[in-house]
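Here is the structure we will look at, set down as structure tokens.
Number of protein chains: 2
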Amino acid sequence: MGTTQLESVPEPKYWHLKTVIGEALDSEFSVGEVLPNERELAARFGVARATLRQALEQLELEGRLQRRRGVGTTVAPPRVGVDVSTAQAQWPGAGDETWEPVDCALADPPPAVARLLELDRSAGRPVHTVRRLRVSHGQAVAAEQLYVPAATVPDLTAIDAPSGPARARSVLRELQRLTLDGQDRAVELGSARADDAKELDRLPGAPVLLVTTRYLAGGRTAAVSVATYRADTCRLTFGDAGDFGIAS
Amino acid sequence: MGTTQLESVPEPKYWHLKTVIGEALDSEFSVGEVLPNERELAARFGVARATLRQALEQLELEGRLQRRRGVGTTVAPPRVGVDVSTAQAQWPGAGDETWEPVDCALADPPPAVARLLELDRSAGRPVHTVRRLRVSHGQAVAAEQLYVPAATVPDLTAIDAPSGPARARSVLRELQRLTLDGQDRAVELGSARADDAKELDRLPGAPVLLVTTRYLAGGRTAAVSVATYRADTCRLTFGDAGDFGIAS
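Right under this line is the structure:
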């Protein structure tokens with residue numbers, strides 16, 4: 279989508295090269311195919327290695343190429359649409375099988391999350407931090423941390439394990455007993471944390487899409503979710519998207 | 279949001295450095311302040327230039343830093359929430375003053391847009407391509423191309439100018455006469471085209487958030503919008519976001 283030209287604007291050399299390589303990908307390469315190495319590509323297109331690298335970085339940002347350690351640069355499959363619409367507000371884990379609870383621990387939330395939860399340094403910490411993975415087409419596409427202050431789930435029993443998937447499910451169950459007033463959601467660019475990167479088969483610091491969700495109950499923020507989506511393979515879809523082309 | 283640790287995972291050196299610098303930004307620097315040069319920073323933190331650069335790139339992805347030609351690296355202001363929710367389906371330009379029409383031309387849409395518009399190479403081209411800018415807090419935060427096939431606006435008169443803002447408004451007016459059945463929206467990572475980068479005061483190829491919207495009327499895709507949002511300064515908000523913290 280990012281390669282058309284409405285009016286002619288002077289473009290840097292690597293940008294033109296990106297377009298040329300993009301067309302070559304369409305016509306000569308198939309998904310998953312490994313590209314020739316940088317030296318060969320630079321020679322073929324008659325450009326400096328630095329220029330070639332810039333063009334390849336563009337194509338990676340646009341999801342056309344994937345660079346993987348030990349494999350090299352491969353032609354990426356089309357991005358997969360992942361629905362993140364908030365059409366009907368519902369608690370995490372309520373009737374969606376897309377997310378798998380993998381862990382739960384008491385942790386001190388990052389400052390930005392603490393602000394959203396309106397926790398001050400003195401009170402309400404640490405919070406239950408549920409770790410979930412979202413799998414789509416057999417691939418982990420997102421890793422989430424769901425922050426639930428103890429005050430939100432006062433009836434959470436201490437009987438079961440203090441951590442692990444079972445604990446995560448208990449916290450989600452307690453959440454679902456509350457009336458959800460609404461939720462809001464924001465998407466922004468971020469960089470993959472080391473632990474998320476590992477789960478998502480990316481390198482630490484790779485560009486990711488961060489989806490932050492606030493769950494509102496009892497007139498306050500009852501929980502905050504921060505989900506890290508693979509930016510290379512995912513397109514986040516909203517609204518009536520479900521049954522249309524963009525979403526699939 | 280991307281810097282917390284739920285469980286301890288071995289992290290690359292630059293990642294730890296990123297956290298350390300992030301804390302220094304909070305405590306020692308103010309928004310807009312120019313950072314010392316890389317040599318000084320590398321010396322201060324006792325790391326190699328390459329490691330420092332990786333850390334700075336992370337902080338840039340996370341919107342903590344902005345690198346601008348001729349200015350250097352400055353501390354970025356908090357990202358601004360920009361509402362892109364599709365709560366009520368609406369034609370572009372219908373009762374929103376957030377977008378300013380700047381141009382209109384007949385253009386051949388990029389292949390991905392042509393597919394969404396279900397145009398084949400032979401028919402329905404070129405399409406009216408409306409160029410709009412979204413300004414927030416006095417800054418251009420997004421540049422849009424709205425693709426409207428001639429078949430969607432058959433009554434568009436040829437009387438007024440063939441291009442320019444006036445033409446853009448005519449196309450939008452014609453669109454708004456149609457009944458909008460619905461719309462879907464997708465967000466993905468992209469790289470800034472040269473002309474968008476210029477409008478958005480970014481360098482060509484900078485990471486951006488691409489928001490693609492399909493407008494559905496008469497049982498088909500009547501128009502497609504591709505909006506390029508600044509990823510460094512914008513957080514895209516959805517759902518009930520309007521009146522909550524994430525959105526502002």
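Chains as they are written, first to last, in our numbering: chain A, 279 to 526; chain B, 279 to 526. Backbone N, C-alpha and C fix where the C-beta goes; we use that ideal spot for every residue, glycine too. Here the structure is a predicted model, which is why all the values come from computation and not from measurement.
Name, in chain order, the residues that DSSP records as bridge partners for Gly350 of chain B.
Residue numbering aside, residue 350 of chain B sits at position 72 when the second sequence is read from its first letter. For Gly350 of chain B, which the question treats as bridged, DSSP gives the partners B:Arg346.
Within 7 angstroms (strictly less), CB to CB, does Thr297 of chain A reach chain B?
Residue 297 of chain A sits at position 19 when you count from the first residue of the first sequence. Taking 7 angstroms as the CB threshold, Thr297 of chain A stays off the interface with chain B.
Identify each residue in the stretch 466 to 478 of chain B for which the Cβ-Cβ distance to at least one residue of chain A is less than 7 angstroms, and report them in chain order.
Glu466, Leu467, Gly468, Ser469, Arg471, Ala472, Asp473, Lys476
With a 10 Å radius around its C-beta and 16 neighbouring C-beta atoms as the bar for buried, classify His415 of chain B as buried or exposed.
The sequence position of residue 415 of chain B within the second sequence is 137, counting from 1. His415 of chain B comes out exposed.
How would you call Glu422 of chain A, buried or exposed, if buried means at least 16 neighbouring beta carbons within 10 angstroms?
On the first sequence, position 144 is the one that residue 422 of chain A refers to. When all chains shown are included, Glu422 of chain A counts as buried.
Between Pro356 of chain B and the ligand ZN, is there a pair consisting of the residue's CB and a ligand heavy atom that are separated by less than 6 angstroms?
This structure simply doesn't include the ligand ZN, nor any ligand for that matter.
Compute the beta-carbon to beta-carbon distance between Leu330 of chain B and Ala320 of chain B, rounded to the nearest angstrom, for a pair I have assumed lies under 8 angstroms.
Within the second sequence, numbered from 1, the residue matching residue 330 of chain B stands at position 52. Within the second sequence, numbered from 1, the residue matching residue 320 of chain B stands at position 42. At roughly 5 angstroms, the Cβ-Cβ gap stays under 8 angstroms, so Leu330 of chain B and Ala320 of chain B are in contact.
I want to know whether the stretch 472 to 489 of chain B touches the stretch 304 to 318 of chain B - three or more CB-CB distances under 8 angstroms.
Between the stretch 472 to 489 of chain B and the stretch 304 to 318 of chain B, the count of Cβ pairs shorter than 8 angstroms is below three; the stretches do not touch.
Beta-carbon within less than 7 angstroms of Asp381 of chain A's beta-carbon, same chain only, minus the 5 sequence neighbours each way: which residues are those?
To locate residue 381 of chain A, count along the first sequence from 1; it is residue 103. So the list reads Arg409, Ser441, Gly442, Pro443, Ala446, once near-sequence residues are dropped.
In this structure, what does DSSP give as the bridge partners for Gln461 of chain A?
Your numbering for residue 461 of chain A matches position 183 in the first sequence. For Gln461 of chain A, which the question treats as bridged, DSSP gives the partners A:Tyr493.
What does Arg480 of chain B reach in chain A if we use C-beta pairs closer than 7 angstroms?
Taking the second sequence and counting its residues from 1, one reaches residue 480 of chain B at position 202. What Arg480 of chain B touches in chain A: nothing, since even the nearest Cβ is about 12 angstroms away.
For Leu487 of chain B, go through chain A and note every residue whose CB falls closer than 9 angstroms to its CB, in chain order.
The sequence position of residue 487 of chain B within the second sequence is 209, counting from 1. Per Cβ cutoff of 9 angstroms: Val465, Glu466, Leu467, Leu487.
Rounding to the nearest angstrom, what Cα-Cα distance links Arg322 of chain A and Ala495 of chain A in this structure?
Stepping through the first sequence from its first residue, residue 322 of chain A is reached at position 44. Stepping through the first sequence from its first residue, residue 495 of chain A is reached at position 217. Each residue's alpha carbon lies about 60 angstroms from the other.
In three-state DSSP terms, what is Pro440 of chain A?
Stepping through the first sequence from its first residue, residue 440 of chain A is reached at position 162. The answer is coil: DSSP assigns Pro440 of chain A none of H, G, I, E or B.
Kindly say whether Thr364 of chain B, judged by its beta-carbon, lies nearer than 7 angstroms to any beta-carbon of chain A.
Numbered from 1 along the second sequence, position 86 holds the residue referred to as residue 364 of chain B. Flagged as an interface residue toward chain A: Thr364 of chain B, by a C-beta distance shorter than 7 angstroms.
Using C-beta distances below 6 angstroms, list every residue in its chain close to Tyr425 of chain B, excluding the 5 sequence neighbours before and after it, in chain order.
Walking along the second sequence from the start, residue 425 of chain B turns up at place 147. If we look at Tyr425 of chain B and ignore the five residues flanking it on each side, its Cβ neighbours are Pro387, Val391, Val405, Thr407, Val502.
Is the separation between the beta-carbon of Phe516 of chain A and that of Arg463 of chain B shorter than 7 angstroms?
Taking the first sequence and counting its residues from 1, one reaches residue 516 of chain A at position 238. Taking the second sequence and counting its residues from 1, one reaches residue 463 of chain B at position 185. Yes, they are a contact pair.
May I ask you to report which of helix, strand or coil DSSP gives Phe516 of chain B?
To locate residue 516 of chain B, count along the second sequence from 1; it is residue 238. Phe516 of chain B falls in the strand class under three-state DSSP.
So that I know if they touch, is there some Cβ in chain A lying closer than 7 angstroms to that of Ala321 of chain B?
If you number the second sequence from 1, residue 321 of chain B lands on position 43. No, its Cβ sits nowhere closer than 7 angstroms to a Cβ of chain A.
As a quick exercise: from B:Val489, B:Thr499, B:Arg451, pick the residue whose alpha carbon is nearest that of Pro370 of chain B.
If you number the second sequence from 1, residue 370 of chain B lands on position 92. The residue with the shortest Cα to Cα distance from Pro370 of chain B is B:Arg451.
Given Asp474 of chain B, which residues of its chain have a CB within under 6 angstroms of its CB, disregarding the five upstream and five downstream residues?
By one-based count along the second sequence, residue 474 of chain B stands at place 196. These residues qualify, in order along the chain: Ala421, Thr506.
Of all the residues that make up the stretch 343 to 358 of chain A, which are near chain B by a beta-carbon distance shorter than 8 angstroms?
Arg357
I'd like the list of long-range same chain contacts for Gly310 of chain A, defined as Cβ closer than 8 angstroms, with 5 residues on each side in sequence excluded.
Translated into positions along the first sequence, residue 310 of chain A becomes position 32. Cβ within range, chain order: Thr352, Val353, Pro355.
Would you mind reading off the limits of the alpha helix (DSSP H) that contains Trp293 of chain A?
Taking the first sequence and counting its residues from 1, the one referred to as residue 293 of chain A is at position 15. Per DSSP, Trp293 of chain A belongs to the alpha helix (DSSP H) from 291 to 306.
With the cut-off set at 7 angstroms, would you say Ala472 of chain A and Trp377 of chain B are in Cβ contact?
Here residue 472 of chain A refers to the residue found at position 194 of the first sequence. Here residue 377 of chain B refers to the residue found at position 99 of the second sequence. Against a cut-off of 7 angstroms, the Cβ pair of Trp377 of chain B and Ala472 of chain A comes out as no contact.
For Ala500 of chain A, go through chain B and note every residue whose CB falls closer than 7 angstroms to its CB, in chain order.
Within the first sequence, numbered from 1, the residue matching residue 500 of chain A stands at position 222. Residues of chain B passing the Cβ test: none, with the nearest at roughly 13 angstroms.
What's the gap between the Cα of Leu397 of chain A and the Cα of Leu411 of chain A?
Counting from 1 along the first sequence, the entry for residue 397 of chain A is found at position 119. Counting from 1 along the first sequence, the entry for residue 411 of chain A is found at position 133. For Leu397 of chain A and Leu411 of chain A, the distance between alpha carbons rounds to 26 angstroms.
State the DSSP-derived secondary structure class of Ile524 of chain A, mapped to helix, strand or coil.
Position 246 of the first sequence, counted from the first residue, corresponds to residue 524 of chain A. Confidence at Ile524 of chain A is low in this model, with a pLDDT of 38, below 50, so the placement of that residue should be treated as unreliable; the coordinate-derived value is given next. Helix at Ile524 of chain A.
Measure the beta-carbon distance from Val362 of chain A to Leu514 of chain B and round it to whole angstroms, keeping in mind my assumption that it falls under 8 angstroms.
For this step, residue 362 of chain A is matched to residue 84 along the first sequence. For this step, residue 514 of chain B is matched to residue 236 along the second sequence. That belief does not hold up - the Cβ atoms of Val362 of chain A and Leu514 of chain B are roughly 11 angstroms apart, past 8 angstroms.
Tell me, to the nearest whole angstrom, how far the beta carbon of Thr500 of chain B is from that of Thr430 of chain B; I am working on the premise that it is less than 8 angstroms.
The residue given as residue 500 of chain B occupies position 222 in the second sequence. The residue given as residue 430 of chain B occupies position 152 in the second sequence. The displayed chain sequence assigns Ala, not Thr, to residue 500 of chain B. Yes, Ala500 of chain B and Thr430 of chain B are in contact; Cβ-Cβ is about 5 angstroms, under 8 angstroms.
Just verifying my parser: in three-state terms, what is the DSSP assignment at Glu378 of chain B?
The sequence position of residue 378 of chain B within the second sequence is 100, counting from 1. Glu378 of chain B falls in the strand class under three-state DSSP.
With DSSP run on the structure shown, which of helix, strand or coil describes Arg445 of chain B?
Within the second sequence, residue 445 of chain B is the residue found at index 167, counting from 1. Residue state, collapsed to three classes: helix.
Which whole-angstrom value is the C-beta distance of Arg357 of chain A and Gly341 of chain A, which I expect to be below 8 angstroms?
Here residue 357 of chain A is taken as the residue at index 79 of the first sequence, counted from 1. Here residue 341 of chain A is taken as the residue at index 63 of the first sequence, counted from 1. Indeed, because the Cβ distance is near 5 angstroms, the residues count as touching under 8 angstroms.
With Leu453 of chain A and Leu467 of chain B assumed to form a contact (beta carbons below 8 angstroms), what rounded beta-carbon distance in angstroms separates them?
The sequence position of residue 453 of chain A within the first sequence is 175, counting from 1. The sequence position of residue 467 of chain B within the second sequence is 189, counting from 1. Not a contact, Cβ separation roughly 30 angstroms.
Assuming Leu339 of chain B contacts Gly300 of chain B under a Cβ cut-off of 8 angstroms, what Cβ separation, rounded to an integer in Å, is found between them?
Taking the second sequence and counting its residues from 1, one reaches residue 339 of chain B at position 61. Taking the second sequence and counting its residues from 1, one reaches residue 300 of chain B at position 22. The Cβ separation is near 12 angstroms, so there is no contact.
What is the DSSP secondary structure of Leu337 of chain B, reduced to helix, strand or coil?
Position 59 of the second sequence, counted from the start, is the residue given in the question as residue 337 of chain B. In the structure shown, Leu337 of chain B sits in a helix (DSSP, three-state: H, G or I).
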